[in-house]
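Notes follow the structure.
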Amino acid sequence: MVQSLVVRSLRAVAVVALFATAAVAQVESARIQGTVTDGSGAVIPGATVRFVQVETNQAQVTETDAIGFFQSVPLRIGEYRVEVEADGFKRAVRSGIVLELEQTAAIRVALEVGAVTEVVDVTADAPLLETTQATQGQVINNKRIVDMPLNGRDYIQLALLSAGATRPIGGRFGGFSAGGQRTTQNNYTLDGVDNNNLQIAAQGRRAEVVKPSVDAIQEFKISTNAYSAESGRALGGTVNVSIKSGTNKIHGTLFEFLRNDKVDAKNFFDPVDKPKPPFKRNQFGFSVGGPIIKNKTFAFGDYEGTRIRESSTYNNTIPTQAQIGGDFSGVPQTIYDPATYDAASNTRQPFANNLIPSSRFDPVSVQAATLYPATNRPGITNNYLVNAPSPEDMNRGDVRVDHVFSAKDTVFFRYSRQLEVVGNSPRFPSTLDGNGTLFHHNGDNMGFSWSHILSPSFISTVKLGWNRIYTIRTAVVDENLNAKFGIRGVDQALPGMALMNISGVQNIGLSNYTPNIADSQSRQLKIDNSYTKGKHTLKFGWALQFLQSYLTNPQQSLGNFTFNGNYTRQSAPGGDRGGRPFADFLLGTAFRSNISNSVYMNLRTPWNHFYVQDDWRVTSRLTLNVGLRYEYSPPWVEKNNLISNFDIDTDHANPSFRVASDGDGRISRSLIKNDTNNLAPRFGFAYKAFDKTVVRGGYGVFYSNYEGTGGGQFMETNPPFHIKSQISTDSINPTLQLSNGNPSGILTPENAVSLSFSSFQRQPNWPISQQWNLNMQHSLFRDVVLEVGYYGSKSQFLVNRLDGNYALPGPGDINSRRIYNSTVYPGTNTVVGPLAAMNRHEFNGNSLYHSGQVRLEKRFSKGFTLLGAYIFSRTLGDVSGFSGSGNSPNSGIQNPLNRQAERSLADQHRKHSFTMSYVYELPFGQGRKFGSNMHRALDFAVGGWSVAGIHSIATGRPFGLSVRGNPANNGNLNRPNVVPGVDPVLSSDVRDPQRWFNTDAFVPNNAYEYGNAGRNILIGPGTFTWDFALYKRFNVTESKFFQFRFESFNFTNTPNFGFPNSEVGNNNFGVITSAGRPRNLQFGLKFIF
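Count along the sequence shown starting at 1, add 37, and that's the number in our numbering.
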């Protein structure tokens, strides 16, 4: 079936290729349209219209139609002039028209009677009013990108300047929430090429494959509601980034930015008597563009390097040298000898003087204990203080070449790369402390495009794209100590050692599932066509994308042994029973062992997306946007069928494993039914009610694929391809000896116990969102626009992850009360059990979003630009998405039989959000309003200064509560009971970080019962941030200058608090113990030419 689909797709490519060669994708370009009239207002058909890009001198030509209307083909963004000629009229020139991404600039040209050799030249900015489409979005141009203060020089921070975008949940992966959707539901493109990180759910450090340097970006656009049929794939926002091109003049920058903890403020919760954690960051690089052949071939390139040197201070507890030698006379607990157990009295005898003879030491423990360093602080707790460095190196860059074959044919090629190495230094000199790793995170993105214009009204586009994200996490060790120390029944080839999980002291071994290798690629072919006929502009296209994701992970194949002090404590209950976990370790008497084999997968899928869109200019004042998109996004299959699904849907009472096979249908390999009904209609209108007022509205349906691969799917961790076993002992007889290791055959179905499976809904509907908006734009002044509107969405079939093998509240063993206790191991007749928690993926979540939004924008003129956005919104939902994806605390499902009780404010809800940004060139100095002829020496001191800033204020996000100790005895989330009549909200004059809410309003739930507190019933702290920049220009020549920058992030040093502790029964219940970044200072120097 897949092969036939590919064949049909390639046939379609061949047919379209007869009429088209590659071109600039229309979503990364812009248009100019308008009407040509004479002085009386009568239309002029047959007039010649030329669109000239100022920086490259490239021109496109068209003619007005019978009603005097003209429209350009898609044009590269930048500055243009429009030249209009007609017999009997003077030639008209409109200069200074700056096109932004996805913009259609509407202009009117009135010709004066006279000879065509006479010229009337008028400078006219492209209008701020959007009169041709209903898309809600914001273009962030190059000036805002390079002038705004950006911590880490991360352009995506500026997405929050768009109305409809709010701060991310927890900040994982950066990004933003668009229109009330999850941060993982945004779509990123780079020059029209897919730039989404497929590993985001598992181990991505960023949402994009490549994140360009701010000095490489020409501009980018964020669309947050009801965008056209040309775009899809996600429920949230789209971020379309355009890399700079070369021009007829050489231009570029050299830069260096520095941050140092010496000039930073301390975090609100940092101890006063301790120094700030060390932090140093250098960011440096260049960008340069220019002609290779003037008017023909242009090139642009850039490089940016980042070097971060920071460290964290850890105060660990490690065993003393006396304890390593068996001397526990310095500890308050009595150490008992497990070999002296007397069954009749249920007692053990203590070691004499709390000394364990060396003859009783386990030989593996003796060698492993040498990994501990000597203590460097007194006492038996918190006795090892270490400052562990965490270096980070990043290099990124882009190369782009544009070539003009003719007025009808142009090509461009771009290659972008980003390489990161992040170190997590071990806390011990031996490196094997369970923490030391190196994380390599490499991304590549490439695009090639060839544009061919068949006629002034028809242009076709074919684009090739490729991206790859490769990550590898390795241990800071190159030797297998399992073999060296003689630990049996575990992997003896991989670098590292079994984790020794010793309660009360720092672990030794390796706990990071390393080496972990993930390699994901996307190959893309896109075809876009645009045809203009009369009042209609028809766009239609197709995109084919082959995705592949490879993962290898050792899981717990190196082994994991737990020591909890069971065997050196008194066996009889009551009183202080003594015992020390490290004493158990010396004796080699482990309480539990976990072991698994490694995980491998090689997933792949083809996506086919089609669209058609008609922009119909009904009248000179009304434009309709009508479109339809179809997305065929089949689920992943594994190349070698190494996945299985624990199917609880087909026969809920008798679940079983379904193993991927080479069957006739795709479902036999993917184990998930394909959703083929993904039709997405789009409709919008723009009505110019008055010359300065436009009313717009729109409705659209949007689809998403399920989120993430690898760590986001988990069917590769099911039997028979992956098995994990656990050996547990009782607290009396130490049957698990470290030197004996795990018994042979441990990884067999017969020995599999406490199995945790993954189950994926068999017949899911892909997530869908209906979005709508109604807004009004009004031009207050020539360069100021105000927009006020209502925006909403309703989303269904959202993916969420929960325990599919739940146990209802009740007494007794939890696993024995789960709804599934045993199953047949696939490929055998062996019944395995008991079964533990199940990682269940379901597509049954819902959300509802309503918002009122206000946007005010002033285009840069007279040295000043401003952009502000305010959102008043409410987001409801009943699921929280993937665990670990930045959700608020305790936002999971409590009672799986009462999903209605989960409906509440969504994790991403923020009632109020306000952002304002500005750039202001102070009017003093050479070339400015005051002091244009100022003496050079005086200008050096007081001239050329500018300020820029971003103010951001937002109310808090909701969070839920949990209960310590699991009173319901269900093994999952417990919520508390609400005390009737007690208000949980404290007034602002009483509330502080030590008591953020009224803790007296909640009590633990009753034994074996669910609590009655709802999900996300409290609101966390809001945020206030002012990022500020002051910078000065030092002219060398008119076109070459230095720029010195001073930037302050959180300029007012306002503490932005994290969530309070939300666990009833915790000593810190209701107490806030974390805060966002304090004031950070950054200094920069740039040379611009």
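Beta carbons: idealized from backbone N, C-alpha and C, even for Gly.
Bear in mind that the values here come from a model prediction, so they are computed numbers and not experimental data.
For residue i and residue j, what's the separation of their Cα atoms in angstroms?
i: Lys286; j: Ile144; result: 28 Å
i: Tyr957; j: Gln170; result: 31 Å
i: Glu457; j: Thr343; result: 9 Å
i: Phe1061; j: Thr687; result: 51 Å
i: Ser494; j: Trp653; result: 15 Å
i: Asn1006; j: Pro846; result: 6 Å
i: Ile193; j: Ser199; result: 11 Å
i: Met38; j: Pro671; result: Unreliable placement is indicated for Met38, whose pLDDT of 42 sits below 50; the coordinate value is still reported in the next sentence. If you take the alpha carbons of Met38 and Pro671, they lie about 12 Å apart.
i: Gly473; j: Thr141; result: 53 Å
i: Val513; j: Thr412; result: 22 Å
i: Leu872; j: Ser635; result: 20 Å
i: Ser462; j: Asp399; result: 29 Å
i: Val130; j: Asn837; result: 57 Å
i: Pro1115; j: Gly993; result: 18 Å
i: Ile1109; j: Phe1034; result: 10 Å
i: Met534; j: Gly363; result: 23 Å
i: Ile330; j: Ala253; result: 21 Å
Can you name the start and end residues of the beta strand (DSSP E) that residue i belongs to?
i: Pro426; result: 421 to 426
i: Ser910; result: 901 to 914
i: Arg896; result: 876 to 898
Taking residue i as part of the alpha helix (DSSP H), name the residues at either end of that continuous run.
i: Ile182; result: 179 to 184
i: Asp399; result: Per DSSP, Asp399 belongs to no alpha helix (DSSP H) and is neither H nor E.
i: Asn519; result: 518 to 522
i: Pro328; result: Careful: Pro328 lies outside any alpha helix (DSSP H), inside the beta strand (DSSP E) at 316 to 330.
i: Ile361; result: 358 to 361
So which of the options has the shortest CA-CA distance to residue i?
i: Ser366; options: Thr343, Asp339, Gly416, Gly342; result: Gly416
i: Arg819; options: Gly829, Lys895, Ser776; result: Lys895
i: His988; options: Val1015, Tyr907, Asn935, Asp1037; result: Tyr907
i: Asp339; options: Arg892, Ser402, Arg451; result: Arg451
i: Thr357; options: Ala874, Val246, Ser348, Thr418; result: Thr418
i: Ile496; options: Phe577, Asn538, Arg525; result: Phe577
i: Ser816; options: Glu167, Ile930, Val655, Val403; result: Glu167
i: Pro618; options: Ala520, Val150, Ile361; result: Ile361
i: Gln931; options: Ala985, Phe292, Tyr886, Gly997; result: Gly997
i: Val1101; options: Val1040, Arg965, Tyr225; result: Val1040
i: Pro164; options: Tyr225, Gly71, Asp191, Asp767; result: Gly71
i: Asn812; options: Gly1002, Asn262, Glu116; result: Asn262
i: Ala938; options: Ile1054, Ser762, Ser66; result: Ile1054
Is residue i buried or exposed, if buried means 16 or more other CB atoms sit within 10 Å of its CB?
i: Ser41; result: Here the model assigns Ser41 a pLDDT of 45, short of 50, so the residue's position is not dependable, and the following value carries that caveat. It is exposed - the Cβ of Ser41 has fewer than 16 other Cβ atoms within 10 Å.
i: Asp915; result: buried
i: Leu904; result: buried
i: Ala239; result: Any reading at Ala239 needs caution, since the residue's pLDDT is 43, under 50, leaving its predicted position unreliable; the model's value is listed next. By the 10 Å Cβ count, Ala239 comes out buried.
i: His759; result: buried
i: Pro848; result: exposed
i: Phe442; result: exposed
i: Val230; result: buried
i: Leu197; result: buried
Closer than 7 Å: is that where the CB of residue i sits relative to any heavy atom of the ligand FAD?
i: Asp310; result: With respect to small molecules bound, the structure shown includes none, and the ligand FAD cannot be examined in it.
Going by DSSP in three states, residue i sits in which element: helix, strand or coil?
i: Arg128; result: strand
i: Ile990; result: strand
i: Asn232; result: coil
i: Glu787; result: helix
i: Lys1123; result: strand
i: Gln937; result: helix
i: Phe619; result: helix
i: Phe1096; result: coil
i: Val674; result: strand
i: Asp976; result: helix
i: Thr754; result: helix
i: Gln222; result: helix
Does the CB of residue i have a neighbour CB from chain D at under 8 Å?
i: Gly1095; result: In summary, chain D is missing from the structure at hand, where a single protein chain is found.
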